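The structure under discussion appears below in the form of structure tokens.
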Amino acid sequence: ISNRETFDQATKFAKGAIIGSGFIKHLSEIGSGKISEFVGGIR
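Each number in the numbering used here comes from the position in the sequence shown (counting from 1) with 150 added on.
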């Protein structure tokens, strides 16, 4: 799960999803200062 689209696909079949690679990529590129922005983009 790396973005809103893949999150939406996964949650059609499950009650939740683990956002792994997209979150790690966000941390490495932008840092931890904008985590809430990343999460908001998924929701």
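Glycine included, each C-beta is placed from N, C-alpha and C at the ideal position. Computed from a prediction, not measured in an experiment: that's the story for all the values here.
C-beta atoms of residue i and residue j nearer than 8 Å
i, j, result
"Ala167", "Ile151", "yes"
"Ile192", "Phe157", "yes"
"Asn153", "Gly172", "yes"
Helix, strand or coil at residue i [DSSP, three-state]
i, result
"Ala167", "coil"
"Thr156", "helix"
"Gly181", "coil"
"Lys175", "helix"
"Ile151", "coil"
8 Å Cβ cutoff, residue i in contact with chain E
i, result
"Ile169", "Of the protein chains in the structure, only one exists, and it is not chain E."
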